[in-house]
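This report concerns only the one structure given below.
Residue numbers (the numbering used here), protein chains in the order written: chain A, 77 to 424; chain B, 16 to 517.
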């Protein structure tokens, strides 16, 4: 909980500083824009958190997002497949990819890094081959479907042009609402269901989890399936949002943003540690930084360097604070004892 | 204190050490003579390890003085301790088993030579041979550590400590993973070192050993010294009384009555590690069978096969006279067969998780509705088990890591016992825990046996082997080579069978 409070403070500080320099940042449309992007990237990060919590990694999420996004546009517009059929096919494909990753990691005992690195290459290649490197999109139609990416709630409940001004500026973008829904589902899965504990346990100590009768292979496979499914969902939303999907570049480097969101959000790359709210805030920090760089007129060529630096400082500060509080706890005990306080418990 | 007073080698006075929330050592005095073997004993959490870590330079005490050869010293790091002639043999082996003996022995302080400071291999192997001779180990320094037995590896640890510093050797439970004959060999080496003038501090939970090997014993309780005993004063009863602060009347209680009804039968089982052997035995209702043997005899491997961790290559397992198939731990648990593993850090616990999460991890399926954990039910069970086994802790949300060894072991047991097993496989259930906790665990086994549970307990501690069981099975090189009834059992008989005698 302390950790979440820490990164929430970091988020607020970054937002405050940016606002103080330029108030455009805090304008409704800008904030809503950040929330929309946080929603899209947050879904990727949330999925990514699960393989990381098992002690693995998923490098393929960017390519999956690209492939599935392109495929969804391709099926719906070019092949005129009904939406009710196309979307389930896209999601099923995503689930299947994660299933295969999990299978290779658990049954063949391949390293997650290798498996998903190969996935990164293979899905990119498949996307370019299947789409013949032609940019995909939905054109001007499919407004209902695009609502998932562009819609705003509760603005959508008023007839166009009739909503009060406040509602028009401060309505939540659909991707953010979808992120919250996905977040709630995954939070219940992680914190309240037996599976969450199994995943955290096997991430810490797979052997001990196995000796406890946990089907560790199955849980690991599930983690990769969550990751790829979130990636596929995000891919569809990205494609609807941008309306142009270039098979060769869509989703490029997104796996690294996803991992960054997790790391900032307190998911340990060693495995066994992580929480949903932290990942969402972590993603938001990365998105706010990007936005701030634009607003403040910092050279966009510097953006990677700025994001990298802030993550480095944030995560570094966390480690420093951790060892500092540990030392202070010892000092406190010493103080109590020196004042002639009652000897504490002997449960050493 | 005057300088000319006839001081021993080491004098520790008023050592006090705090940890978050606890006073681990409270005004502890400790003396050591040259060429003396002194045992330091106490319950888990009594402060033995902390005291030794203060001496070894791992912890800096808040108060107290240390004198070595009459001179006051500050031991602020392991390096300082080594320079002063103090070195530590830790309980766990810290060797790289892919490297040879000599490389391990001088890792990080290899003799260097020439302009490029390359490793002087000739000197390395010569020096190693010298050290090995001191501990009476006659093997090539080029042998890979992984090719040694656990006992042999322990000897390498001792050799390493000797080569670092040879005035005071601190040994933290050196026999905890050794079999009886290996322990005997260790004692010979320790006595040999004593005659060479080395002083040895010996931490152990095995009171029989203390009597056999120590010249003096210091007993700690709750961070304070509760007594110093001279050699002739050392006896099991006195040690226990000083450790616990009261008498323990009887160590092994035999109240249960084994029936003749077979519960767990193993027929011609083939364990992958020993594919040529066939293992058969039967455990009856309410019976405690001890599985004895040397470390490496294949006992743990057998237990793993029975629990489905590894798949047996052949044979049959019968539960209540009906054949069952065990392909995974889940299968075993469904059938009511449970293994409490030997290595609690590796297999027993998730150290960074809470006591509650650890206790309920194996039985989580019982406290769920639609796979959602009923937290109140889970916590209630955790609390109940903590109470039943008298685990000492501040809260069930505490990390297991922060508990003492004995309490960790109880958490392992708690985790498995809340499953109400039909067949209980225990792998070294009392390893590294103190007498009080041991007694509690024996009582627990008694209680389970009288409820009809069939128990197979692997043990390497002779007193335990002879004391707790109704029957003893002895393994040697992957095979059950003998069976002893309670009447037939004796230390000689067990050792004879375990070492391959007919």
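Beta carbons are placed, not taken as given, at the ideal position from N, Cα and C, and that holds for glycine.
### Query
Which of helix, strand or coil does DSSP assign to residue 217 of chain B?
Against the second chain, residue 217 of chain B aligns to sequence position 202. DSSP, read as helix, strand or coil, puts residue 217 of chain B in strand.
### Message
So the candidates are B:472, B:430, B:201; which of them puts its Cα closest to the Cα of residue 317 of chain B?
### Response
Locating residue 317 of chain B in the second chain gives position 302, counting from the first residue. Shortest Cα-Cα distance from residue 317 of chain B to any of B:472, B:430, B:201 involves B:472.
### Message
Determine whether the beta carbon atoms of residue 79 of chain A and residue 354 of chain A lie at a separation below 8 Å.
### Response
The sequence position of residue 79 of chain A within the first chain is 3, counting from 1. The sequence position of residue 354 of chain A within the first chain is 278, counting from 1. Here residue 79 of chain A is near residue 354 of chain A, since their CB atoms are less than 8 Å apart.
#### Entry: Exposed unless 16 or more other CB atoms sit within 10 angstroms - verdict on residue 91 of chain B
Working through the second chain from its first residue, we reach residue 91 of chain B at position 76. Its Cβ having fewer than 16 others within 10 Å, residue 91 of chain B is exposed.
#### Entry: Rounded separation between residue 120 of chain A and residue 379 of chain B - CA only
Residue numbering aside, residue 120 of chain A sits at position 44 when the first chain is read from its first letter. Residue numbering aside, residue 379 of chain B sits at position 364 when the second chain is read from its first letter. Their backbone Cα atoms lie some 30 Å apart in a straight line.
#### Entry: Span of the alpha helix (DSSP H) around residue 148 of chain A
Numbered from 1 along the first chain, position 72 holds the residue referred to as residue 148 of chain A. Where residue 148 of chain A is concerned, the enclosing alpha helix (DSSP H) stretches over 137-149.
### Task
Classify residue 353 of chain B as buried or exposed, calling it buried when 16 or more other Cβ atoms lie within 10 Å of its own Cβ.
As a first step, residue 353 of chain B is located in the second chain; it is residue number 338 there, counting from the start. It counts as buried.
#### Entry: Given residue 24 of chain B as reference, the closest of B:393, B:234, B:227, B:215 once Cα atoms are compared
Here the question's residue 24 of chain B lines up with position 9 in the second chain. Nearest option by C-alpha distance: B:215.
### Task
Measure how close the beta-carbons of residue 146 of chain B and residue 120 of chain B come, nearest whole angstrom, since I'm counting them as under 8 Å.
Start at 1 with the first residue of the second chain, and residue 146 of chain B comes out as number 131. Start at 1 with the first residue of the second chain, and residue 120 of chain B comes out as number 105. By a beta-carbon distance limit of 8 Å, residue 146 of chain B contacts residue 120 of chain B. Their separation comes to about 7 Å.
### Query
Starting from residue 102 of chain B and walking both ways along the alpha helix (DSSP H), at which residues does that stretch end?
Taking the first residue of the second chain as position 1, residue 102 of chain B is located at position 87. From DSSP, residue 102 of chain B is part of no alpha helix (DSSP H) but of the beta strand (DSSP E) over 101-104.
### Query
Using a Cβ-Cβ cut-off of 6 Å (strictly less than) and excluding sequence neighbours within five positions of residue 11 of chain B, which residues of its own chain qualify?
Since the displayed chain B opens at 16 and closes at 517, residue 11 of chain B lies outside it and no answer follows.
### Task
Under 8 Å between beta-carbons, which chain B residues line up against residue 288 of chain A? List them in chain order, please.
To locate residue 288 of chain A, count along the first chain from 1; it is residue 212. Going along chain B in sequence order, the residues near residue 288 of chain A (Cβ under 8 Å) are 344, 376, 377, 430.
### Message
I'd like to know whether the C-beta of residue 386 of chain B is nearer than 8 Å to at least one C-beta of chain A.
### Response
Translated into positions along the second chain, residue 386 of chain B becomes position 371. Yes, contact with chain A.
### Task
For chain A, find out if any of its Cβ atoms is closer than 8 Å to the Cβ of residue 316 of chain B; answer yes or no.
On the second chain, residue 316 of chain B is found 301 positions in, with the first residue counted as 1. Answer no: the Cβ-Cβ gap between residue 316 of chain B and chain A never drops below 8 Å.
### Query
Do the CB positions of residue 104 of chain B and residue 189 of chain B come within less than 8 Å of each other?
Along the second chain, read from residue 1 onward, the residue named residue 104 of chain B stands at position 89. Along the second chain, read from residue 1 onward, the residue named residue 189 of chain B stands at position 174. Cβ distance < 8 Å, so residue 104 of chain B and residue 189 of chain B count as in contact.
### Task
Name the one or two DSSP bridge partners that residue 228 of chain A has.
In the first chain, residue 228 of chain A corresponds to position 152, counting from 1. Bridge partners of residue 228 of chain A: A:249.
### Message
Could you pull the DSSP bridge partners for residue 477 of chain B from this structure?
### Response
Numbered from 1 along the second chain, position 462 holds the residue referred to as residue 477 of chain B. In the DSSP output, where bridge partners are listed per residue, residue 477 of chain B has none listed.
### Task
With a threshold of 16 other CB atoms inside 10 Å of the CB of residue 105 of chain A, please say whether the residue is buried or exposed.
What you label residue 105 of chain A is simply residue 29 of the first chain in a count that begins at 1. Residue 105 of chain A comes out exposed.
### Query
Name the chain A residues that come within less than 8 Å of residue 383 of chain B, Cβ to Cβ?
What you label residue 383 of chain B is simply residue 368 of the second chain in a count that begins at 1. Among the residues of chain A, those whose CB is under 8 Å from the CB of residue 383 of chain B are 269, 270, following chain order.
#### Entry: Buried or exposed by the 16-neighbour rule on C-beta atoms within 10 Å, applied to residue 430 of chain B
Here the question's residue 430 of chain B lines up with position 415 in the second chain. Buried, by the Cβ-count rule.
### Message
Taking the straight line between their C-alpha atoms, what separation do you get for residue 391 of chain A and residue 339 of chain A?
### Response
Numbered from 1 along the first chain, position 315 holds the residue referred to as residue 391 of chain A. Numbered from 1 along the first chain, position 263 holds the residue referred to as residue 339 of chain A. If you take the alpha carbons of residue 391 of chain A and residue 339 of chain A, they lie about 8 Å apart.
### Query
Tell me which same chain residues have a C-beta within less than 6 Å of the C-beta of residue 322 of chain A, skipping the five on either side of it?
Against the first chain, residue 322 of chain A aligns to sequence position 246. 211.
#### Entry: Contacts of residue 350 of chain A in chain B (Cβ-Cβ under 7 Å)
Translated into positions along the first chain, residue 350 of chain A becomes position 274. Neighbours of residue 350 of chain A in chain B, taken as residues whose beta carbon is under 7 Å from its own, are absent, since the nearest beta carbon is some 13 Å off.
### Task
Would you tell me roughly how many angstroms separate the C-alpha atoms of residue 292 of chain A and residue 177 of chain A, rounded to the nearest one?
On the first chain, residue 292 of chain A is found 216 positions in, with the first residue counted as 1. On the first chain, residue 177 of chain A is found 101 positions in, with the first residue counted as 1. A direct Cα-Cα distance of roughly 15 Å separates residue 292 of chain A from residue 177 of chain A.
### Query
Within the 8 Å Cβ cut-off, does residue 419 of chain A reach chain B?
As a working mapping, residue 419 of chain A is identified with position 343 in the first chain. In this prediction, residue 419 of chain A has a pLDDT of 37, which is less than 50 and means its spatial position is unreliable; nothing more can be read from the coordinates.
### Task
Could you tell me which uninterrupted alpha helix (DSSP H) segments, each at least 4 residues in length, are contained entirely in the stretch 222-254 of chain B, listed from first to last along the chain?
Counting only runs of 4 or more, we get 222-228.
### Query
If you scan the stretch 291-348 of chain B from start to end, which runs of the alpha helix (DSSP H) of 4 or more residues do you find wholly inside it?
Restricting attention to alpha helix (DSSP H) runs no shorter than 4 residues, the stretch 291-348 of chain B encloses them at 314-322, ordered along the chain.
#### Entry: Opposing strand residues paired with residue 127 of chain B [DSSP bridges]
Walking along the second chain from the start, residue 127 of chain B turns up at place 112. BP columns for residue 127 of chain B point to B:134.
### Query
What is the rounded straight-line gap between the Cα of residue 77 of chain B and the Cα of residue 34 of chain B?
Within the second chain, residue 77 of chain B is the residue found at index 62, counting from 1. Within the second chain, residue 34 of chain B is the residue found at index 19, counting from 1. Distance between the alpha carbons of residue 77 of chain B and residue 34 of chain B is about 10 Å.
### Task
Name the residue from B:309, B:387, B:459 whose alpha carbon lies nearest to the alpha carbon of residue 194 of chain B.
Within the second chain, numbered from 1, the residue matching residue 194 of chain B stands at position 179. From the listed residues B:309, B:387, B:459, the smallest Cα separation to residue 194 of chain B is found for B:309.
### Contact with chain A by residue 380 of chain B, beta-carbon distance below 8 Å
Residue mapping note: residue 380 of chain B aligns to position 365 of the second chain, counting from 1. True, the Cβ-Cβ gap to chain A drops below 8 Å.
### Query
Thinking C-beta only, is residue 101 of chain B closer than 8 Å to residue 122 of chain B?
Your numbering for residue 122 of chain B matches position 107 in the second chain. Your numbering for residue 101 of chain B matches position 86 in the second chain. By the CB criterion at 8 Å, residue 122 of chain B and residue 101 of chain B fall outside the cutoff.
### Message
Are the CB atoms of residue 125 of chain B and residue 139 of chain B within a distance shorter than 8 Å?
### Response
The residue labelled residue 139 of chain B in the question sits at position 124 within the second chain. The residue labelled residue 125 of chain B in the question sits at position 110 within the second chain. Cβ atoms of residue 139 of chain B and residue 125 of chain B: closer than 8 Å.
### Query
What does residue 247 of chain B touch in chain A if you count any residue whose Cβ is under 8 Å from its own?
On the second chain, residue 247 of chain B is found 232 positions in, with the first residue counted as 1. None at all; the shortest Cβ gap to chain A is about 31 Å.
### Task
Quick one: which residues of the stretch 211-245 of chain A get their C-beta closer than 7 Å to a C-beta of chain B? List them in chain order.
So the list is empty, because no residue satisfies the distance condition.
### Query
Looking at the C-beta of residue 273 of chain A, does it have a partner C-beta in chain B at a distance below 8 Å?
As a first step, residue 273 of chain A must be located in the first chain, where it is residue number 197. Residue 273 of chain A counts as touching chain B.
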